[in-house]
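Student:
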Amino acid sequence: MTANSNPRVYLDYNATAVVRPEAAAAVAHALEVGGNPSSVHAAGRAARALVEQARTDVAALIAAPTSTIVFTSGGTEANALALESAIAAGSKRLLISAIEHDSVRETAQASGLAVEAIPVDRSGRVDLTWLSERLARWDAADGKPFVALMLANNETGVIQPVAEAAELVRAADGWLHVDAVQAAGKIAVDSRALGADTLSISAHKIGGPQGVGALTFGPRAVLSRRQHGGGQERGRRGGTENVSGINGFGAAATAARETLEQPVDVEGKAAWRDAAAARLKSAGAVVVGEAAPRLPNTLCVAAPGFAADTQVMALDLAGVMVSAGAACSSGKVKVSPVLAAMGLGDLAGCGIRVSGGWKSTEADWNRFVDAWFEAYRRHTARHAPAAAGAA
Ligand code: PLP
């Protein structure tokens, strides 16, 4: 079959979503408008208007006050801004969930401060009892407790009990940072109701352009500037704004919010994911995090003895794009620290992530399942010829 009659299937939205047409149009529009938002003349004012409209639209996606949105170069910088602000505010010991994204974990480690991992259970949910006990014996010499807990995990889609964690952190007068990069646009996110002191999101995970993100902060958080220069972003982040990226971000946020307001759409997509999962389970595959609430678009699945990188390559040859572990580390081919933290043992090297999005169809999920079974059949034929027919 030619590539044209059987086009490629993209099921790697958690790595980067397919750009929404509204976002692409908004990027192009901002480039045409031109102007520096700091300029007082007409072109500058036009650019400023785009940035401020996008700020309103991005704020609406996460129910945050518009004035608390700081645009950044992406989720990574937003996470770093939160961590480094907490450190500047006096945190000397950082509690980071064991499944945080590298941008949180490595920023914490690079700080040179003591870092402790908050464990997760086998379903991938953070251990709140551990957190509560750890905060109860907090040493005042360690300053303000800092806790990082993502809202939804990028590999498993498992949704974390953030509001419950926030209560514990608030009672300990600490700072809770929530990486909502994967959750935003996939489930309703209310940054204030969650109790986050800081919360990060990224445009390219919701159908906007890459290289732009945002941090929102609550009344208890004081942001410190990590990028000096002009007084942009109310002095919180120097540097001329990425106007086209920000305008695309705003358009994607609006489109994502409107999609979320149609629950049938979200539920329908989860049903395709679950139907695919059921078929893979019939071959002995394990759905990672199945016992926990998960993002509707994400399937993390592991088949014993079937290495993740082999699966990803076989699926790619069949025209189906998924990833092994976190996208940022796929290509490096290493065992997923997230799955390892969940105690999956050898299975941790066998987990692939399949993630759909706004443009995905039921046929895409079916193509994935068919291609997976074909790859699995060849794998079992190679490794256990007697069992080859079973798949
Ligand atoms: N946080 C999570 C949970 C992510 O999945 C990612 C990207 O994969 C990031 C942060 C980083 O975001 P960005 O790519 O915008 O820097």
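Note that the numbering used here has the sequence shown beginning at 6, numbered continuously upward. Yeah, the Cβ is synthetic: ideal placement off N, Cα and C, and Gly gets one too.
Could you tell me how far apart the beta carbons of Glu82 and Gly213 are, in whole angstroms, since I believe they sit closer than 8 Å?
Tutor: Taking the sequence shown and counting its residues from 1, one reaches residue 82 at position 77. Taking the sequence shown and counting its residues from 1, one reaches residue 213 at position 208. So it is not a contact: roughly 15 Å between Cβ atoms.
Student: Shorter than 6 Å, the distance from the beta carbon of Gly2 to the closest heavy atom of ligand 1, or not?
Tutor: In the structure as shown, the chain begins at 6 and stops at 396. Residue 2 is therefore absent and cannot be evaluated.
Student: What does the alpha-carbon distance come out to for the pair Gly2 and Ala59?
Tutor: Nothing about residue 2 can be reported from this structure: the residues present for the chain run from 6 to 396 only.
Student: Among the candidates His46, Gly216, Trp135, Lys286, whose CA atom is the shortest distance from the CA of Val80?
Tutor: Position 75 of the sequence shown holds residue 80. Note that residue 80 is Gly in the sequence shown, not Val. Cα-wise, what sits closest to Gly80 is Gly216.
Student: Check the C-beta distance from Gly255 over to Gly244 and give it rounded, since I have them as a contact under 8 Å.
Tutor: To locate residue 255, count along the sequence shown from 1; it is residue 250. To locate residue 244, count along the sequence shown from 1; it is residue 239. Incorrect: roughly 18 Å between the Cβ atoms, too far for contact.
Student: Does DSSP put Ile251 in a helix, in a strand, or in coil?
Tutor: As a working note, residue 251 is residue 246 in the sequence shown. Residue state, collapsed to three classes: helix.
Student: Counting only the same chain and skipping the five closest in sequence on each side, list residues whose C-beta sits under 8 Å from that of Gln114.
Tutor: As a position in the sequence shown, residue 114 is number 109, starting the count at 1. Val120, listed in sequence order.
Student: Using alpha carbons as the reference points, say which of Val374, Trp377, Glu367, Cys305 lies closest to Leu349.
Tutor: Position 344 of the sequence shown holds residue 349. Considering only alpha carbons, the answer is Cys305.
Student: For Ser72, which three-state DSSP category applies?
Tutor: As a working note, residue 72 is residue 67 in the sequence shown. Note: Ser72 maps to helix in three-state DSSP.
Student: Out of Met347, Ala368, Glu238, Glu263, state which residue places its alpha-carbon closest to the alpha-carbon of Ala296.
Tutor: Locating residue 296 in the sequence shown gives position 291, where the first residue counts as 1. Considering only alpha carbons, the answer is Met347.
Student: May I ask whether a heavy atom of ligand 1 can be found less than 6 Å away from the beta carbon of Asn247?
Tutor: For this step, residue 247 is matched to residue 242 along the sequence shown. False, no ligand heavy atom lies under 6 Å from that Cβ.
Student: How would you write the range of the alpha helix (DSSP H) that Arg110 sits in, first residue to last?
Tutor: Your numbering for residue 110 matches position 105 in the sequence shown. 107–115 is the span of the alpha helix (DSSP H), which, as asked, contains Arg110.
Student: Just curious, the alpha helix (DSSP H) that Ala346 is in, first and last residue?
Tutor: Taking the first residue of the sequence shown as 1, we reach residue 346 at position 341. Here the alpha helix (DSSP H) through Ala346 covers 342–346.
Student: Buried or exposed: Glu272, going by 16 or more other Cβ atoms within 10 Å of its Cβ?
Tutor: Here the question's residue 272 lines up with position 267 in the sequence shown. Label assigned to Glu272: exposed.
Student: Which first and last residues belong to the alpha helix (DSSP H) in which Leu220 is found?
Tutor: As a working mapping, residue 220 is identified with position 215 in the sequence shown. That residue, Leu220, is in no alpha helix (DSSP H); its beta strand (DSSP E) goes 218–222.
Student: Taking the alpha carbon of Arg139 as the point to measure from, which residue in Gln165, Ala31, Arg13, Leu100 has its own alpha carbon closest?
Tutor: Taking the sequence shown and counting its residues from 1, one reaches residue 139 at position 134. For Arg139, the nearest C-alpha among the options comes from Leu100.
Student: Would the stretch 54–69 count as touching the stretch 130–145 if we require 3 or more Cβ pairs under 8 Å?
Tutor: Touching, no.
Student: With C-beta atoms as the reference, is Arg230 less than 7 Å away from Arg241?
Tutor: For the purposes of this step, residue 230 is identified with residue 225 of the sequence shown, where counting begins at 1. For the purposes of this step, residue 241 is identified with residue 236 of the sequence shown, where counting begins at 1. In contact: Arg230 and Arg241 (Cβ atoms closer than 7 Å).
Student: Go ahead and pull the three-state DSSP assignment for Thr245.
Tutor: On the sequence shown, residue 245 is found 240 positions in, with the first residue counted as 1. If DSSP states are grouped into helix, strand and coil, Thr245 belongs with coil.
Student: Assuming Gly179 contacts Lys210 (C-beta within less than 8 Å), just tell me the rounded distance between them.
Tutor: As a working mapping, residue 179 is identified with position 174 in the sequence shown. As a working mapping, residue 210 is identified with position 205 in the sequence shown. With a Cβ gap of about 27 Å, Gly179 and Lys210 do not count as contacting.
Student: Just the Cα atoms here: how many angstroms apart are Arg13 and Trp370?
Tutor: In the sequence shown, the residue the question calls residue 13 occupies position 8. In the sequence shown, the residue the question calls residue 370 occupies position 365. The straight-line gap from Cα to Cα measures roughly 12 Å.
Student: Which partner residues does Glu121 have in the DSSP bridge list?
Tutor: Position 116 of the sequence shown holds residue 121. Leu100.
Student: Within 10 Å of its beta-carbon, does Val325 have 16 or more other beta-carbons around it, so buried, or fewer, so exposed?
Tutor: Counting from 1 along the sequence shown, the entry for residue 325 is found at position 320. Result: buried.
Student: On the three-state DSSP scale, how would you describe Asp17?
Tutor: Translated into positions along the sequence shown, residue 17 becomes position 12. It is a strand residue.
Student: Just how far apart, CA to CA, sit Arg417 and Pro42?
Tutor: Since the first residue shown for the chain is 6 and the last is 396, residue 417 is missing from the structure and cannot be characterised.
Student: Distance check for Ala85 and Ala188, CA to CA, integer angstroms please.
Tutor: Position 183 of the sequence shown holds residue 188. Position 80 of the sequence shown holds residue 85. Rounded to whole angstroms, Ala188 to Ala85 spans 18 Å at the Cα level.
Student: How big is the Cα-Cα spacing for Phe76 and Arg25?
Tutor: Counting from 1 along the sequence shown, the entry for residue 76 is found at position 71. Counting from 1 along the sequence shown, the entry for residue 25 is found at position 20. Using only the alpha carbons, I get a separation of about 20 Å.
Student: Considering only heavy atoms of ligand 1, does any lie closer than 6 Å to the CB of Asn159?
Tutor: Numbered from 1 along the sequence shown, position 154 holds the residue referred to as residue 159. Indeed, a heavy atom of ligand 1 lies less than 6 Å from the Cβ.
Student: Give the secondary structure of His384 by DSSP, where H, G and I count as helix, E and B as strand, and everything else as coil.
Tutor: Your numbering for residue 384 matches position 379 in the sequence shown. Residue state, collapsed to three classes: helix.
Student: Please determine, among Glu160, Ser72, Pro298, Ala201, the residue with the shortest C-alpha to C-alpha distance to Val174.
Tutor: Within the sequence shown, the letter at position 169 stands for residue 174. Selected option, being the one with the closest Cα: Ala201.
Student: What does DSSP give as the partner residue(s) for His182 in the beta ladder?
Tutor: On the sequence shown, position 177 is the one that residue 182 refers to. Beta-bridge pairing links His182 to Ala153, Thr203.
Student: Given Glu238, which residues of its chain have a CB within under 7 Å of its CB, disregarding the five upstream and five downstream residues?
Tutor: Working through the sequence shown from its first residue, we reach residue 238 at position 233. So the qualifying residues of the chain are Val75, Phe76.
Student: For ligand 1, I want to know if His46 counts as a neighbour, meaning its beta carbon is within less than 6 Å of at least one of the ligand's heavy atoms.
Tutor: Sequence index remark: in the sequence shown, residue 46 carries index 41 (1-based). Answer for His46: no, Cβ out of range of ligand 1.
Student: Taking all protein chains shown into account, decide if Asn4 is buried (16 or more other Cβ within 10 angstroms of its Cβ) or exposed.
Tutor: Shown here, the chain extends from 6 to 396; a query on residue 4 therefore has no answer.
Student: Beta-carbon separation of Val293 and Ala307 under 7 Å?
Tutor: On the sequence shown, residue 293 is found 288 positions in, with the first residue counted as 1. On the sequence shown, residue 307 is found 302 positions in, with the first residue counted as 1. Contact flag set, yes.
Student: Which partner residues of Thr77 appear in the DSSP bridge assignment?
Tutor: The count along the sequence shown starts at 1 and reaches residue 77 at position 72. Answer by DSSP bridge pairing, in chain order: Gly218.
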